[in-house]
Structure formats: C-alpha cells, structure tokens
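Presented below is the structure to which this report refers.
Number of protein chains: 2
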Amino acid sequence: MRIGQLARITGVKSETIRFYEREGILAAPPRTKANYRDYGPAEEARLNFIRRARDLGFSMARIRELLDLSDDADRSCAGIDALARSHLGEVERKIASLEALRTELGRMIAACEQDTVGDCRIIDALAGTTEP
Amino acid sequence: MRIGQLARITGVKSETIRFYEREGILAAPPRTKANYRDYGPAEEARLNFIRRARDLGFSMARIRELLDLSDDADRSCAGIDALARSHLGEVERKIASLEALRTELGRMIAACEQDTVGDCRIIDALAGTTEP
DNA sequence: GCTTGACCTTGTAGTTACTACAAGGTGCAT
DNA sequence: ATGCACCTTGTAGTAACTACAAGGTCAAGC
Chain A
1 MRIGQLARIT GVKSETIRFY EREGILAAPP RTKANYRDYG PAEEARLNFI
51 RRARDLGFSM ARIRELLDLS DDADRSCAGI DALARSHLGE VERKIASLEA
101 LRTELGRMIA ACEQDTVGDC RIIDALAGTT EP
Chain B
1 MRIGQLARIT GVKSETIRFY EREGILAAPP RTKANYRDYG PAEEARLNFI
51 RRARDLGFSM ARIRELLDLS DDADRSCAGI DALARSHLGE VERKIASLEA
101 LRTELGRMIA ACEQDTVGDC RIIDALAGTT EP
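Chains as they are written, first to last, in full-length UniProt numbering: chain A, 1 to 132; chain B, 1 to 132.
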C-alpha cells in the first residue's frame, strides 16, 4: 500500500505520515523498486494508534513510551509494570473527566427535550469544584 | 486572588493565564487599585475547566464552543441541543478509546504480576483493527 | 527609606506537533 | 506524451503555549 492510500484510510495526511517517520515514531517502511513507501496492515494499525492517542491528548513523548511498551517485548517486567501503571493512572483520570462531561452534556440534552433548558453546569463537570 | 496564587492552585502558568485572557477564552478580571488582576472562584473553575479540556485533547475552538454553551444561558434550545449532541459524540468516542486502552494496560499489569509478560496489544486497543 | 519579590506592561522568540507549499524529479497508466 | 501520484529537500505558516527581556509599580520586612 502506498502513502496516499494509507493517508485516505487513516485520515492522516501524507505529509504527516512522513513527519512521523522523520520523528522516528513510525518506522521507515520498505520501498518499492520505484522508491515508493510500501505500507502493510501493521503500519496502518500503528498509525491509527498514534492518531487516536494524539486525539486523546497524549503527547508524542507519551505515545513514544506507549509504543516502546509494545515494541520492546523483551524488556523487564518491572519496567513494563511501572510504565503501564503510570499510563493507566493518566488514562483513568481522563476517563473520569470525560464521564463527568458526558453526564453534563446528556443532562443538557435531556432538559432541552423537555424545553426546560435549565442552567449549564458544564464548567463544574470538569472544574472539580465538588472535590476541593 | 492574584495571578500567582491562581497559577499555583490550578497548575496553569501566569503567562498562560494572560494568554487565555488575550485569546478571549478567560474574561479579563477586575483589577485591584494597584492594577493587579483580581480573580475569584468562578475564574478558578473556568480555568480548571480549560486546562482539563485541553488535557483531553479538545482544541481551543472546541473549548470556546463548550464555554459558549455555558455562557449564553438564553440561547435557543435547538442550538444548545445540536451543539451538545455533537460534543457528546466526540466525548463518547474518546471514552471508548480510553476504555480500550485502560483494559489493555490493566491486562499487561496483571500479566506482569504473574511474571508472564505476554505480548503487548496496546496498539490493537486503539487501532480499531477488530472493527474493520 | 530602601530593598526584595510579586506583580504590571509590551514585545520577541522558542517549542511542539503539525500543515502547506515550492522546486525539481520518477514511475506508470491512458 | 500527458497527467497524476509519488519521490526528495527545504522553508515557512499555524496552534497553543512557554520563556525571557526591558522597564515600571506596589507592598512587606529590615
């Protein structure tokens, strides 16, 4: 698969794919005899991973760490454990925030359906004013 | 409360707070007679909201929309409903991705506890290769 | 009363993670 | 042989900060 097709499938621009390769986050794929990048499903999965992780607010550095967990299959269990736990903590905090936001958005939509608008507590949902 | 204290409480740097004010995402607070910015709990909540939303991968434009939902209490129900629904969709997608990632990180940690390492499926968790 | 530290201003420049475009070249299908 | 997708290197723009500089104000402590 060539870069253009991979770009269409994943929604990541060709230039961004080459950028990820330059940054070392996506391995340089084999080339065709015409020197075209030749991608397979593994690269597609990895690129999808990167795109979604970015969308979730993880930095490139953090994504690099997550990908290292995946790549270095033969690293020490202690290392994996510590890193995985740290990432898990961040993930759980994000889920909790998003669930608060989801609840509040749902509440607003429900109120709207009954034409009762009500006041918006979106800020409170994420601000954490309830747990001081 | 002055800018330095607000920065310490929220973990947002003073310069970033002033940047948000320039960008119109955080209203200019009243000033003391010494021309110091004078913040109250409402600004603190709003700033916490902005910081967490950014951390969750929402753009400034998206955050502006969310804050508008909160600010324009007297807008039409139809407008609120459409915007809230669109945000809710994004939030739910993010939650689903994070839950897949949480599951995978949890699995790795559990495997480590039994000294069985196992192979890492972190990429698959976010790549969406299971739903083609 | 004078120093110290936290704040004020404007302005410039660096960082991250892209995104866009230019210039010049290759491969391949119609 | 024309056109399109790709190749390269390089520069520059964007978003969302982050940092630092220069010069000024204010209030507390010695």
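Glycine included, C-beta positions come from ideal geometry on N, C-alpha and C. All of these numbers come straight from a predicted model, not from anything done at the bench.
Contacts that B:E99 makes with chain A (C-beta to C-beta distance below 8 angstroms):
I95
Residue nearest to A:A78 in terms of C-alpha spacing, selected from B:A127, B:M60, B:A110 and B:A78:
B:A110
With 8 angstroms as the threshold, decide whether the Cβ of A:I123 is near any Cβ in chain B.
yes
Distance cutoff 8 angstroms, beta carbons only. Does A:E92 sit that close to anything in chain B?
yes
For B:R51, three-class secondary structure by DSSP
helix
Given B:E65, which residues of its chain have a CB within under 7 angstroms of its CB, disregarding the five upstream and five downstream residues?
L83
Sort B:K94, B:S76 and B:N35 by Cα distance to A:E113 and report the nearest one.
B:S76
Give the C-beta separation of residue 135 of chain A and A:L126 to the nearest angstrom, bearing in mind that I take them to be a contact with Cβ-Cβ under 8 angstroms.
With chain A represented from 1 up to 132, any question about residue 135 of chain A goes unanswered, as that position is not in the structure.
Would you say A:G11 faces chain B, with C-beta separation under 8 angstroms as the test?
no
Under 6 angstroms Cβ to Cβ from residue 209 of chain A, same chain only, skipping five residues before and after it: list those, please.
Only positions 1 to 132 of chain A appear in this structure, which leaves residue 209 of chain A out of reach.
List the DSSP bridge partners of B:R107.
DSSP, once it has assigned bridges, lists no residue as partnering B:R107.
Chain-ordered neighbours of residue 134 of chain A on chain B, where CB pairs are closer than 7 angstroms
The question about residue 134 of chain A has no answer, for chain A in this structure spans 1 to 132.
Going by Cα to Cα distance, which pick from A:H87, A:G89, A:I17 and A:D124 is closest to residue 175 of chain A?
Residue 175 of chain A cannot be examined here, being either before or after the span of chain A that is shown, 1 to 132.
Count the other C-beta atoms from every protein chain shown that fall within 10 angstroms of the C-beta of A:A42, then say buried if there are 16 or more, exposed otherwise.
exposed
Chain B residues whose Cβ lies nearer than 9 angstroms to that of A:F19:
Neighbours of A:F19 on chain B: none; closest Cβ ~19 angstroms, over 9 angstroms.
Please look up how many angstroms separate the CB atoms of B:R2 and B:Y36, rounded, as I've assumed it's under 8 angstroms.
5 angstroms
What three-state label does DSSP hand A:R64 in the structure shown?
helix
For B:S39, collect the residues of the same chain with a Cβ closer than 6 angstroms to its Cβ; drop the 5 residues on either side in sequence, then sort them by chain order.
A quick correction: the sequence has Tyr, not Ser, at residue 39 of chain B. Answer for B:Y39: M1, L6 and P29, listed in chain order.
Inspect the beta-carbon positions of A:A45 and B:I123 and report whether they are closer than 8 angstroms.
yes
Across which residues does DSSP place B:R31 in a beta bridge pair?
B:R37
Grouping DSSP H, G and I as helix and E and B as strand, with all else coil, what is B:S70?
helix
Give a yes or no on whether the minimum CB-CB distance between A:D38 and chain B is below 8 angstroms.
no
Please report the straight-line C-alpha distance between B:G11 and A:R93, rounded to a whole angstrom.
16 angstroms
How is the alpha helix (DSSP H) around B:F19 delimited, first residue to last?
S14 to R22
Residue of A:L67, A:L98 and A:G106 minimising C-alpha distance to A:H87:
A:L67
Under a CB-based cut-off of 8 angstroms, is B:R31 close to chain A?
no
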